[in-house]
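Engineer:
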Amino acid sequence: MKATKVFGEKITSAIQDDESKRGRDRALNIIRPNMLKMVQKYPDKHNQLRAVKRESLNNMSDLVDQATAKLEENGCKVFIAKDAAGAQKYICNIVNQGPVVKSKSNVAKEIGLVEALEEKGLNIVETDLGDWINQLAKSKASHTLAPAIHIPAEKVRQMFSKIEGRELSGDIDELVGVARNHLRATMETARFGITGANAITADTGSVILTENEGNIRAVTTLPKVHIVVAGINKIVPTFEDGVLVVQSASIYGVGQDIGTYISVISGPAKSKKSAFGPEEVHVVLIDNGRSAAKEAGFEEAFYCINCGSCQNFCPVYDTIGNAFGKKYIGGSGVVQTAFTRSLAEAEESGLSACLSCGTCIQVCPNSIDTPGMISRLRSTVLAEKGMGTVKGYALNKVLRNQRRLEGAAGKAAKVKGILLVPDEQKRGCRARIGPAGFKNRVLPMPTAQSFLRTAPSTVKVSNPKMKVALYSGCLVNVAYTDVGHTALKVLKNNQVEVVVPKDQECCGLPMMVNGDMDTARELAKKNIDLLLEADADKVVNVCATCQSMLHDYPLLFAGLDEEYHQRAVKLADKVVDIVSLLVDELGINNKGLKFAGDPITVTYHNPCHLKDLRTNYGKHDNPRLLLSEMAGITFSECEGADKCCGFGGTVSFDHYNLTGCIGRTKAEEIAASAVDVVCTSCPGCMASLTDGLTQLGSDIKVKHMVELIAESDWNK
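Numbered by UniProt numbering, the letters in the sequence shown go through residues 1 to 716 in order.
1) Quick one: measure Cβ to Cβ for V675 and K703, integer angstroms, because I've assumed they're closer than 8 Å.
2) Locate the beta strand (DSSP E) running through H655, then write down its first and last residues.
3) Straight-line CA distance for V363 to G308?
4) Quick check: the Cα distance between L470 and M517, rounded to an integer number of angstroms?
5) When you compare only the Cα positions, how much space is there between N715 and D577?
6) Ordered along the chain, which non-local residues of its own chain (more than five positions away) have a Cβ less than 6 Å from that of A338?
7) Beta-carbon within less than 8 Å of A671's beta-carbon, same chain only, minus the 5 sequence neighbours each way: which residues are those?
8) Tell me the rounded alpha-carbon separation between T12 and I111.
9) What ranges does the alpha helix (DSSP H) occupy inside the stretch 622-652, keeping only unbroken runs of at least 4 residues that lie completely in it?
10) Let me check understanding here. Comparing Cα to Cα, which of T189, E188, A153 lies closest to V176?
11) Taking the alpha carbon of R403 as the reference point, which residue from P278, V390, Q504 has its own alpha carbon closest?
12) Taking DSSP as the reference, what is the three-state secondary structure of E280?
13) DSSP state of N715, grouped into three classes?
14) Assuming the contact rule is C-beta atoms closer than 8 Å, V100 and N123 should be a hit. Round their C-beta distance to whole Å, please.
15) To the nearest angstrom, how far is the alpha carbon of T127 from that of A148?
16) What's the gap between the Cα of V107 and the Cα of C645?
17) Look up P466 in the DSSP assignment and give the residues it is bridged to.
18) Give the single residue among G632, G649, A520 whose Cα lies nearest to the Cα of A544.
19) Buried or exposed: where does G23 fall if 16 or more other Cβ atoms within 10 Å of its Cβ makes it buried?
20) Buried or exposed: where does R432 fall if 16 or more other Cβ atoms within 10 Å of its Cβ makes it buried?
21) What residues in its chain sit with their C-beta under 6 Å from that of F79, if we drop five residues either side in the sequence?
22) Spell out the partners DSSP gives D577 in its beta bridges.
23) Who are the Cβ neighbours of H605 in its own chain at under 8 Å, not counting the five residues just before and after it?
24) Short check: CB of P501 to CB of L523, under 8 Å?
25) Can you give me the C-alpha to C-alpha distance between G277 and S250, rounded to a whole angstrom?
26) Inspect the beta-carbon positions of E406 and N477 and report whether they are closer than 8 Å.
27) Can you give me the C-alpha to C-alpha distance between R624 and P43, rounded to a whole angstrom?
28) Does D369 pass the burial test, meaning 16 or more other C-beta atoms within 10 Å, or should it be called exposed?
29) Which ranges does the alpha helix (DSSP H) cover as unbroken runs of at least 4 residues, wholly within the stretch 291-331, from first to last along the chain?
30) So, for A409: in the same chain, excluding its five sequence neighbours on each side, which residues have a beta-carbon less than 6 Å away from its beta-carbon?
31) Please list the segments of the beta strand (DSSP E) lying wholly inside the stretch 366-445, counting only runs of 3 or more residues, in order along the chain.
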């Protein structure tokens, strides 16, 4: 069975699991705002941590040697396991009786440790409350830090009542008390305790662990033998670096300054007569693909400190939960799976599902570029299997060349009664052909005349304040042509001279995210040459996604082509979205903007490629500033304004059941805000929002910010 089909079945099953979705919503709606507020207190923490993890992974081999020597000097027994089988064998040879108590450990899940010990007939007891609930329910973890958020409270009450031998009320304190009593009794009799490690410090030979429940402290001190299971990527140079790791895990994981408990283990108890502390400490350091990842240039995947922040904000995880990932959950988990398991298993775990929205990067304590790594893994798959006939033709024959795209759009517009049917609200069209579910999707209607063929090459003004080049992007060129022409009008009215390079091509992002890096670079070179040749002060974009790609062109050439890397950097310095130009450069917000039509209520959707959750959370950005100050408009903030709309580019063609579900959730939140118009700054978002709102039967209009600005009068 093809990997995409295997994953497609997982999507279908996960979308139907309403109970798990409700559990995720309950938990994440609490965690998200707490984390975002806490991050504001530590604006440079992510840069500090990334520097530490970069140094650690770059010097991983030396740090393993240094940490091993220091741990052994402290009295620990160290075993370096090449793979999961080696780690299992070593630990199974040590552990000879149960019960065995275990705290949360992602590496233990990675290597299948519990299953291996259970095959020996040993009783393994999870002591993390969430993991214990999952163990009782025979369920998989659904989140890195909150593994049982998918299990309803009533089911927990029933399980705990069975253990207790009496009916419990369901009171949280009562249920926690039952867990405390049962787990404590087990910990007091267990000879072996197994934990993971948040960090291992090479200079002091210390294992550092943070927690909020207190179970780890008991697991590390009550049993006679403590076994630490950790990836070699957990080793950091200094004790101070280790403290930085555990604090970052608390800030980004649960929105706390520091964990409730921090344990530092630097060896066994000094005396076997000690009342507390283990007689033996074994530290099992596991490679299992980490060195291979570094060799392949994917070491960034193992900067991860397992805080779960990326899952908290990922639209794919929000929709399908732990179906996205394998032993490690989410997009970063998919990348790790490619090295700790196999690329085939990464495909089956959702390699094709990442929307490349970039939200995970913004909320990661290491700013890990998961979408970039996923694109590179897709490139490997592409080299092995090809892209597929339909997608390959669409990307390599049509999107690759704007003239061909314009021709295809023009033909589609002429025969729209055959291939495309106008939707009932006349907001777009529905396809007559396509995969299951896709035929219900509302798409933007292609235009017979493209923007680039109908727009003037230059818009001249007297006494120009600046000269800009306008980059339209594919959707504006062949579907939302009015947005392009309106942008020219607004720029002209603000005394801006505009150049429209007629030979501009697709930005290349669809090719890049599908793994076709060569074509992405080819298109990037054409656009770089063309846009720099315009000799403009700024390169203005009306598409947030295209803007992000143009801005990131240097990444395509870094280490490969120094000439174009430098030219890409020069271009990136000029790239700006049109609203930022109007506000920051031209001060349009100070011109007494007044909406020309009847008073309306408007909300704003943040395109993923323009938002910055880390630095701009809770602050007014330029679109909101304009909408709030514009007479005749009442601005209303929508719940979840920062959430992805689900457009996802080509992912929406592969997995519309997933992206459509994300889009409908977004549309429901907008509809609940009772506004007349939702504005955004990205044509892709416009398409997805229109689809979602039309599916709901809502008459809320979708507009580009520049269209609303054009409908306003101002004092010049």
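Even for Gly, the Cβ is constructed at its ideal location relative to N, Cα and C.
Structural biologist: Walking through what the data contain:
1) To locate residue 675, count along the sequence shown from 1; it is residue 675. To locate residue 703, count along the sequence shown from 1; it is residue 703. Their Cβ separation, rounded to whole angstroms, is 11 Å, which puts V675 and K703 out of contact at 8 Å.
2) Here residue 655 refers to the residue found at position 655 when the sequence shown is read from its first residue. Per DSSP, H655 belongs to no beta strand (DSSP E) and is neither H nor E.
3) For the purposes of this step, residue 363 is taken as residue 363 along the sequence shown, with counting starting at 1. For the purposes of this step, residue 308 is taken as residue 308 along the sequence shown, with counting starting at 1. One C-alpha to the other measures close to 10 Å.
4) As a position in the sequence shown, residue 470 is number 470, starting the count at 1. As a position in the sequence shown, residue 517 is number 517, starting the count at 1. Near 25 Å, if we compare the C-alpha coordinates of M517 and L470.
5) Residue mapping note: residue 715 aligns to position 715 of the sequence shown, counting from 1. Residue mapping note: residue 577 aligns to position 577 of the sequence shown, counting from 1. Confidence in N715 is poor, its pLDDT being 41 and thus under 50, which makes the residue's placement unreliable; the coordinate value appears in the next sentence. Whole-angstrom Cα-Cα distance: 23 Å.
6) As a first step, residue 338 is located in the sequence shown; it is residue number 338 there, counting from the start. For A338, where only same-chain residues beyond five positions count, the Cβ hits under 6 Å are A346, L377.
7) Start at 1 with the first residue of the sequence shown, and residue 671 comes out as number 671. Excluding five sequence positions before and after A671, the CB atoms of its chain that fall closer than 8 Å to its own CB belong to L693, L696, S698, I700, given in chain order.
8) Within the sequence shown, numbered from 1, the residue matching residue 12 stands at position 12. Within the sequence shown, numbered from 1, the residue matching residue 111 stands at position 111. Using only the alpha carbons, I get a separation of about 28 Å.
9) 622-629
10) Taking the sequence shown and counting its residues from 1, the one referred to as residue 176 is at position 176. Considering only alpha carbons, the answer is A153.
11) Sequence index remark: in the sequence shown, residue 403 carries index 403 (1-based). Residue Q504 is the option with its Cα nearest to R403.
12) In the sequence shown, residue 280 corresponds to position 280, counting from 1. In this structure, E280 counts as strand in the three-state DSSP scheme.
13) On the sequence shown, residue 715 is found 715 positions in, with the first residue counted as 1. With a pLDDT of only 41 at N715, under the threshold of 50, the placement of this residue in the model should not be trusted; the figure read from the coordinates follows. Here N715 sits in coil by DSSP.
14) Start at 1 with the first residue of the sequence shown, and residue 100 comes out as number 100. Start at 1 with the first residue of the sequence shown, and residue 123 comes out as number 123. The C-beta distance from V100 to N123 rounds to 7 Å, short enough to meet the 8 Å contact threshold.
15) Within the sequence shown, numbered from 1, the residue matching residue 127 stands at position 127. Within the sequence shown, numbered from 1, the residue matching residue 148 stands at position 148. Distance between the alpha carbons of T127 and A148 is about 13 Å.
16) If you number the sequence shown from 1, residue 107 lands on position 107. If you number the sequence shown from 1, residue 645 lands on position 645. Spanning the two alpha carbons is a distance of roughly 34 Å.
17) As a working mapping, residue 466 is identified with position 466 in the sequence shown. In the sequence as presented, Pro is not what sits at residue 466; that position holds Met. Its beta-bridge partners are V496.
18) As a first step, residue 544 must be located in the sequence shown, where it is residue number 544. Closest option to A544, Cα to Cα, is G649.
19) As a first step, residue 23 is located in the sequence shown; it is residue number 23 there, counting from the start. So G23 counts as buried.
20) In the sequence shown, the residue the question calls residue 432 occupies position 432. Result: exposed.
21) Counting from 1 along the sequence shown, the entry for residue 79 is found at position 79. Same-chain partners within the cutoff: Y90, V284.
22) By 1-based counting over the sequence shown, the position of residue 577 is 577. Partner(s): N541.
23) In the sequence shown, the residue the question calls residue 605 occupies position 605. The residues are C638, A641, C645, K666, I670, V678, C679, T680, C685, L689.
24) Here residue 501 is taken as the residue at index 501 of the sequence shown, counted from 1. Here residue 523 is taken as the residue at index 523 of the sequence shown, counted from 1. Contact check for P501 against L523 fails: the beta carbons are separated by 8 Å or more.
25) Translated into positions along the sequence shown, residue 277 becomes position 277. Translated into positions along the sequence shown, residue 250 becomes position 250. Cα to Cα, the separation comes out at about 25 Å.
26) Taking the sequence shown and counting its residues from 1, one reaches residue 406 at position 406. Taking the sequence shown and counting its residues from 1, one reaches residue 477 at position 477. Their beta carbons are under 8 Å apart, which means E406 touches N477 by this criterion.
27) What you label residue 624 is simply residue 624 of the sequence shown in a count that begins at 1. What you label residue 43 is simply residue 43 of the sequence shown in a count that begins at 1. Taking the straight line from one Cα to the other gives about 23 Å.
28) Reading the sequence shown from its first residue, position 369 is the one you call residue 369. Buried, since its Cβ has 16 or more Cβ neighbours within 10 Å.
29) 309-313, 315-320
30) Here residue 409 refers to the residue found at position 409 when the sequence shown is read from its first residue. If we look at A409 and ignore the five residues flanking it on each side, its Cβ neighbours are P446, V478.
31) The qualifying runs are 420-422, 429-431.
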